[in-house]
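The listed protein sequences derive, respectively, from chains A and B.
In terms of this note's numbering, the first sequence opens at residue 1 and continues consecutively.
In terms of this note's numbering, the second sequence opens at residue 114 and continues consecutively.
Cβ atoms here follow ideal geometry from the backbone N, Cα and C, with glycine treated the same way.
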Amino acid sequence: GENVEQHPSTLSVQEGDSAVIKCTYSDSASNYFPWYKQELGKGPQLIIDIRSNVGEKKDQRIAVTLNKTAKHFSLHITETQPEDSAVYFCAASWGSSASKIIFGSGTRLSIRP
Amino acid sequence: GAVVSQHPSRVICKSGTSVKIECRSLDFQATTMFWYRQFPKQSLMLMATSNEGSKATYEQGVEKDKFLINHASLTLSTLTVTSAHPEDSSFYICSVGGHHTNQPQHFGDGTRLSIL
């Protein structure tokens with residue numbers, strides 16, 4: 001089955017700097033890659049997603065890149081703010097809303113003021 | 114507004130009791146819902162896929178007789194943890210498939226289960 005690896009497990013950056021989280025997946029059939037932000041005591045919230053027919057997607061300060069050949073995808077957050085502090089999860093799926101999502105291990109991002 | 118409602122948000126009960134958690138799709142009818150478990154400082158692990166009108170599909174290693182799933186309507190799936198023990202204490206989260214096939218899943222806010 002699918003296996004998603006995520007690095008780093010913890011990340012601390014100065015406010016205003018950029019943060020990058022990287023993930024790899026194992027199943028070449030995966031074609032949908034969402035990223036979630038989870039705050040303490042809450043469920044994960046989708047922040048951005050990308051499908052395998054696209055190499056890059058951007059939404060304001062957040063961008064995601066996908067390298068299908070290498071089975072790598074990354075999350076980039078620019079101009080980080082204190083409210084960006086949370087746990088971030090990458091995930092992989094087969095694309096249908098009825099398909100199960102396999103999560104990475106998570107990255108705890110801390111923004112230093 | 115919220116797309117998925119999960120209830121209760123927190124429950125504390127004695128070892129040996131059964132606990133039911135509800136997951137409701139608020140905006141649309143969902144033929145598929147998913148149940149995850151998350152231990153402290155760990156990732157979400159899929160437990161089972163809940164299919165309306167049919168039996169749930171459980172992931173390897175998840176006891177179907179321990180974690181009973183009922184998806185009797187298109188807007189409600191329930192997870193019952195039977196004869197709960199302290200090791201069942203965890204954060205249980207449901208998700209609902211998007212209204213259309215290419216839409217993302219929406220997650221509930223989770224249920225913190227503590228077994229004493």
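- The criterion of a C-beta distance shorter than 7 angstroms is not satisfied by Leu187 of chain B and Glu172 of chain B.
- If you check the CB distance, Glu5 of chain A and Ala92 of chain A do not come in under 7 angstroms.
- Per DSSP, Arg112 of chain A is one residue of the beta strand (DSSP E) stretching across 107 to 112.
- Secondary structure note for Ser203 of chain B: its beta strand (DSSP E) is the uninterrupted segment 203 to 209.
- Against chain B, the beta carbon of Phe73 of chain A has no neighbour under 7 angstroms; the closest one sits roughly 15 angstroms away.
- Taking C-beta atoms as the reference points, Met158 of chain B and Trp148 of chain B fail to come closer than 7 angstroms.
- Closer than 9 angstroms at the C-beta level to chain A, one finds these residues of the stretch 200 to 225 of chain B: Phe204, Ile206, Cys207, Ser208, Val209, Gly210, Gly211, His212, His213, Thr214, Asn215, Gln216, Pro217, Gln218, His219, Phe220, Gly221, Asp222, Gly223, Arg225.
- A Cβ of chain A is located within less than 7 angstroms of the beta carbon of Thr145 of chain B.
- Relative to Ser110 of chain A, the option among A:Asp27, A:Ile101, A:Trp94, A:Ala86 whose CA is nearest is A:Ala86.
- The beta carbons of His72 of chain A and Thr24 of chain A sit closer together than 7 angstroms.
- Its chain contains His76 as the residues whose beta carbon lies nearer than 6 angstroms to that of Ala63 of chain A, once the 5 sequence neighbours on both sides are disregarded; these appear in chain order.
- Counting only runs of 4+ residues, no alpha helix (DSSP H) is found wholly inside the stretch 138 to 191 of chain B.
- Interface residue (Cβ-Cβ distance to chain A less than 7 angstroms): Ser156 of chain B is classified as such.
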